[in-house]
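>
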Amino acid sequence: MVSSLLFAALLLVASAVFMRSALRLYRIMARGKDNDLKLTDRIGSRIASVLIYFFGQKKVGEPMSYATPAGATSKHHLFIFYGFLVITVGTVEFMIQGLLWDVVPGFSFRMIMGPLYPVLAWSIDIFNGLVLCMILYAYFRRVVVKPRLIPLSGDAAFILAQIGLLMISHFGFHGFHYASAASPESYGPLSDAIGKAMVGTGGAHVISEVSRWVHAGILLFFLNYLPYSKHIHILGSMPNIYFRKLDQKGVMPKINLDDESEWGVGKIEQFSHKSLLDQYACTECARCSNYCPAYNTEKPLSPMHLIHDLKDEMKARGDLSMQIDALKKQAGVTATDKSEADAQLEKAPEPLKKQISDLLAKLEEMPPLVGGRIKDETLWSCTTCGACQEVCPVFIDHPLKIQQMKTHLVLTEGRIPTELQRTFQNLERNGNPWGINADERMGWAEDLDVPVPTVSEKPDFEYLLFVGCAAAYDDRIKKSMRALVEVLHAAGTSFAVLGKKEGCSGDPARRAGNEFLFQEQAQANVDALNEASVKRIVTSCPHCFHTLKNEYPQFGGKYEVIHHSELLAHLLSTGKLQAETKMNQKVTFHDSCYLGRWNGIYDAPRTVLEAVSSGELVELGRKKERGFCCGAGGGRMWQEEKGPRVNRNRTEEVLATGAEVAAVACPFCTIMITDGVKDAQAEEKVQVLDIAEVVRKSLKNMAAKKAQAGEAQSPAPTDS
Numbered sequence: 005m006v007s008s009l010l011f012a013a014l015l016l017v018a019s020a021v022f023m024r025s026a027l028r029l030y031r032i033m034a035r036g037k038d039n040d041l042k043l044t045d046r047i048g049s050r051i052a053s054v055l056i057y058f059f060g061q062k063k064v065g066e067p068m069s070y071a072t073p074a075g076a077t078s079k080h081h082l083f084i085f086y087g088f089l090v091i092t093v094g095t096v097e098f099m100i101q102g103l104l105w106d107v108v109p110g111f112s113f114r115m116i117m118g119p120l121y122p123v124l125a126w127s128i129d130i131f132n133g134l135v136l137c138m139i140l141y142a143y144f145r146r147v148v149v150k151p152r153l154i155p156l157s158g159d160a161a162f163i164l165a166q167i168g169l170l171m172i173s174h175f176g177f178h179g180f181h182y183a184s185a186a187s188p189e190s191y192g193p194l195s196d197a198i199g200k201a202m203v204g205t206g207g208a209h210v211i212s213e214v215s216r217w218v219h220a221g222i223l224l225f226f227l228n229y230l231p232y233s234k235h236i237h238i239l240g241s242m243p244n245i246y247f248r249k250l251d252q253k254g255v256m257p258k259i260n261l262d263d264e265s266e267w268g269v270g271k272i273e274q275f276s277h278k279s280l281l282d283q284y285a286c287t288e289c290a291r292c293s294n295y296c297p298a299y300n301t302e303k304p305l306s307p308m309h310l311i312h313d314l315k316d317e318m319k320a321r322g323d324l325s326m327q328i329d330a331l332k333k334q335a336g337v338t339a340t341d342k343s344e345a346d347a348q349l350e351k352a353p354e355p356l357k358k359q360i361s362d363l364l365a366k367l368e369e370m371p372p373l374v375g376g377r378i379k380d381e382t383l384w385s386c387t388t389c390g391a392c393q394e395v396c397p398v399f400i401d402h403p404l405k406i407q408q409m410k411t412h413l414v415l416t417e418g419r420i421p422t423e424l425q426r427t428f429q430n431l432e433r434n435g436n437p438w439g440i441n442a443d444e445r446m447g448w449a450e451d452l453d454v455p456v457p458t459v460s461e462k463p464d465f466e467y468l469l470f471v472g473c474a475a476a477y478d479d480r481i482k483k484s485m486r487a488l489v490e491v492l493h494a495a496g497t498s499f500a501v502l503g504k505k506e507g508c509s510g511d512p513a514r515r516a517g518n519e520f521l522f523q524e525q526a527q528a529n530v531d532a533l534n535e536a537s538v539k540r541i542v543t544s545c546p547h548c549f550h551t552l553k554n555e556y557p558q559f560g561g562k563y564e565v566i567h568h569s570e571l572l573a574h575l576l577s578t579g580k581l582q583a584e585t586k587m588n589q590k591v592t593f594h595d596s597c598y599l600g601r602w603n604g605i606y607d608a609p610r611t612v613l614e615a616v617s618s619g620e621l622v623e624l625g626r627k628k629e630r631g632f633c634c635g636a637g638g639g640r641m642w643q644e645e646k647g648p649r650v651n652r653n654r655t656e657e658v659l660a661t662g663a664e665v666a667a668v669a670c671p672f673c674t675i676m677i678t679d680g681v682k683d684a685q686a687e688e689k690v691q692v693l694d695i696a697e698v699v700r701k702s703l704k705n706m707a708a709k710k711a712q713a714g715e716a717q718s719p720a721p722t723d724s
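Oh and the sequence shown: position 76 is 80 in my numbering, straight run, nothing missing.
1. Could you give the first and the last residue of the continuous alpha helix (DSSP H) run that contains residue 582?
2. If you pair each beta-carbon of the segment 256 to 266 with each one of the segment 286 to 294, do three or more pairs fall below 8 Å?
3. Please go through the same chain and pick out, in chain order, the residues whose beta-carbon is closer than 6 Å to the beta-carbon of residue 554, but skip the five residues on each side of it.
4. What residue does the beta strand (DSSP E) around residue 592 start on, and which one ends it?
5. From residue 104 to residue 132, what does the alpha carbon distance come to, in whole angstroms?
6. Spatial neighbours of residue 625 within its chain, please: C-beta separation below 7 Å, excluding the five flanking residues on both sides.
7. Within the same chain, show all residues whose beta-carbon is closer than 7 Å to that of residue 240, passing over the 5 residues directly before and after it, in chain order.
8. Take residue 48 as the anchor and find which of 8, 250, 376 has the nearest alpha-carbon.
9. Is residue 340 helix, strand or coil by DSSP?
10. Restricting to runs no shorter than 4 residues, where is the alpha helix (DSSP H) found entirely within the segment 388 to 473?
11. From which residue to which residue does the beta strand (DSSP E) around residue 691 run?
12. Enumerate in chain order the residues of its own chain whose CB-to-CB distance from residue 486 is below 8 Å, with the five nearest sequence positions on each side excluded.
13. For residue 622, I'd like the list of residues in its chain whose CB is within less than 8 Å of its CB, leaving aside the five on either flank, ordered along the chain.
14. Going along the chain, which residues of its own chain have a beta-carbon closer than 7 Å to the beta-carbon of residue 31, five neighbours each way excluded?
15. Kindly indicate the opening and closing residues of the beta strand (DSSP E) around residue 665.
16. Am I right that residue 321 and residue 367 are in contact with their C-beta atoms under 8 Å? What's the rounded C-beta distance?
17. When burial is assigned at 16 or more other CB atoms within 10 Å of the CB, is residue 549 buried or exposed?
18. Name the two residues that bound the continuous beta strand (DSSP E) containing residue 540.
19. Which residues in the same chain as residue 377 place their Cβ atom closer than 6 Å to its Cβ, once the five residues preceding and following it in sequence are excluded?
20. Between residue 64 and residue 244, what straight-line distance do the alpha-carbon atoms span, to the nearest angstrom?
21. Could you pull the DSSP bridge partners for residue 208 from this structure?
22. Report the partner residues of residue 567 according to the DSSP bridge assignment.
23. CA-CA distance, residue 641 and residue 672?
24. Can you name, in chain order, every residue of its own chain whose Cβ lies under 7 Å from the Cβ of residue 129, other than the five neighbours on each side?
25. Looking only at C-alpha atoms, which of 212, 45, 579, 34 sits nearest to residue 246?
26. What residue from 569, 529, 574 has the CA that sits closest to residue 560's CA?
27. Quick one: what does DSSP say residue 587 is sitting in, helix, strand or coil?
28. Assuming residue 543 contacts residue 567 (C-beta within less than 8 Å), just tell me the rounded distance between them.
29. With DSSP as the reference, label residue 90 as helix, strand or coil.
30. Would you identify the three-state DSSP class for residue 549, choosing helix, strand or coil?
31. From the DSSP output, read off the bridge partner residues of residue 378.
32. Measure the Cβ-Cβ separation of residue 301 and residue 650 and say whether it is below 8 Å.
33. For residue 185, which three-state DSSP category applies?
34. Is the beta carbon of residue 356 sitting closer than 8 Å to the one on residue 335?
35. Quick one, which of 558, 440, 435 has its alpha-carbon nearest residue 509's?
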């Protein structure tokens with residue numbers, strides 16, 4: 005009985021310590037401002053997410069960077085993960101054996117499974133061997149291959165060693181037990197082979213027993229080491245996947261501007277519970293940083309290290325806060341109201357009051373999160389492209405955290421880069437980031453038939469064309485908008501614009517942290533759109549598209565919003581537009597982050613290009629979900645860039661294809677890629693065109709022919 009009792013005692017103590025650690029982690033996470041962990045919301049979808057992304061490990065086997073070298077993938081983690089799923093069954097059996105060792109000698113699942121047991125035993129044995137091989141490969145990979153951002157740290161080396169010893173002790177226990185048994189039973193090919201080789205070896209039984217206790221010790225130690233190691237993600241990843249955001253990606257929550265505590269995030273406790281859970285889930289795979297355009301162009305932003313820093317801050321402040329809470333409880337402080345709690349604390353013994361006071365002072369003396377552990381320049385480097393979130397295997401929302409901390413910088417701290425201060429002034433005074441007089445907003449439409457609805461007339465139009473600031477004020481983008489208008493006329497599509505009532509969508513302000521300015525602009529536009537009885541909007545700017553479609557509902561603006569690539573694809577596919585002379589040039593297409601990653605529109609612009617071009621359509625190496633940002637998002641359009649330029653990095657990839665036309669579907673991308681081509685002095689090699697311009701080139705006199713034929717207006721496509 006001694007063996008079973010000792011094992012039971014160890015298991016009980018280890019389980020109690022683990023539960024205490026897990027509860028501590030939860031309490032630290034629960035210090036977040038809002039509980040947005042929706043346990044019962046869309047349960048079916050959440051369970052499906054766990055099955056696909058946790059048990060299915062869908063994202064783990066994907067490339068770890070844009071250019072993954074041989075040996076730098078992480079598919080070996082799939083073998084380790086699935087190996088552990090199988091081995092866990094053996095672990096349960098091992099634990100029961102330990103508890104019943106002196107009560108039911110020789111207990112195994114064989115007593116339950118009968119003739120099916122050998123299948124289980126062999127599977128467990130083989131996967132133990134496979135996992136051991138993968139551990140050796142993991143050492144080789146970190147020491148020899150050395151993938152970027154994944155070094156062999158002391159913590160990683162220790163964990164790999166623990167897992168390796170766990171596998172070795174498994175073979176030691178079962179192999180030498182086989183060798184010492186009078187009538188050995190098979191436990192798997194590898195253990196049996198070891199046992200047969202060791203038959204007749206003196207002390208086989210002792211080695212088996214030592215291996216058994218070593219195996220038990222490692223299991224129980226590893227269980228309690230997890231909450232304090234990089235492998236905390238074993239505990240955090242499944243719940244993080246379950247609680248992942250199922251709604252539209254990339255949407256900033258509306259801030260109550262009357263409550264200063266909601267002005268962004270300046271302390272770790274101001275993040276929501278889900279945002280804090282993200283830190284526990286990080287697997288340190290480095291995908292987020294390897295795909296980040298800022299990190300890839302030597303900017304001071306590594307999304308993975310940002311999460312590490314937040315986790316360190318969370319732990320440091322959480323530990324102090326929990327110590328304070330424990331002492332307050334000891335002092336009899338039960339009130340939640342601050343004044344009442346202070347009054348209760350006054351009655352506490354002086355030593356306790358002194359301890360609490362010292363810890364509170366220590367908490368106050370900690371450097372600020374934003375500007376301290378997280379540097380300002382780190383936040384301003386983000387282009388809000390969403391690449392980090394897209395590739396994360398456990399659905400960490402890096403962009404939202406960055407945006408919330410930027411909002412704190414602007415609204416609370418007032419620490420704003422000089423260039424953005426000018427941009428904000430331009431938006432406030434003239435309603436556009438270019439700072440051009442608002443009266444000139446319709447200058448782009450000179451000599452074009454572009455109706456502007458009035459309240460009295462309220463003409464019947466199919467689409468409200470939301471022009472956007474770039475098309476209204478930037479000379480290059482004006483050409484793209486004029487081309488779009490000509491194409492719409494050619495298709496017989498009825499549309500109107502708001503004219504001077506249209507203001508900036510607010511994207512530059514919100515993505516640069518100025519929520520006050522954004523809400524002003526958004527509400528003004530919503531009022532103008534509702535006054536014009538707008539139901540359906542088409543826009544050529546993905547930033548306007550994303551904001552109008554996904555964020556204007558926060559202000560009462562619910563519309564069907566369509567990107568011009570979707571409308572053009574519809575018009576071409578229904579025959580309302582027909583290419584008279586297809587462009588016979590080699591074409592490549594650059595995906596806009598806000599159109600693609602944030603809104604999943606990849607096919608429409610390619611459908612347009614295929615319909616109006618007879619030349620070769622060559623894809624860039626970094627495309628669609630793995631596309632590379634132009635560098636203009638997140639307010640970067642109006643900031644100076646230090647070091648290698650993001651747009652130049654992308655332009656070099658465009659030039660390497662040998663394409664004669666670089667097609668785009670975003671005014672920001674048009675500007676950035678055009679500037680990159682100029683910097684490379686390659687204007688004679690490649691022309692940067694919006695897809696509307698490509699379509700316009702293929703139509704020639706289509707507008708006149710449509711007018712003569714008197715063709716009917718095209719029906720509206722459904723919102724995708």
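All C-beta atoms in this analysis are idealised placements derived from N, C-alpha and C, irrespective of residue type, glycine included.
Short version:
1. Looking at the DSSP string, residue 582 is not in any alpha helix (DSSP H), and its letter there is neither H nor E.
2. no
3. 252, 255
4. 591 to 593
5. 24 Å
6. 657
7. 281, 284, 285
8. 250
9. coil
10. 391 to 395, 402 to 412, 422 to 434
11. 691 to 694
12. 448, 449, 452
13. 590, 591, 592, 661, 662, 663
14. 326
15. 665 to 668
16. 7 Å
17. buried
18. 540 to 543
19. 313, 317
20. 15 Å
21. Looking at the DSSP assignment, residue 208 forms no beta bridge with any residue, so it has no partner.
22. 543
23. 8 Å
24. 191, 192, 193, 194, 195
25. 45
26. 529
27. strand
28. 7 Å
29. helix
30. helix
31. 374
32. yes
33. coil
34. yes
35. 435
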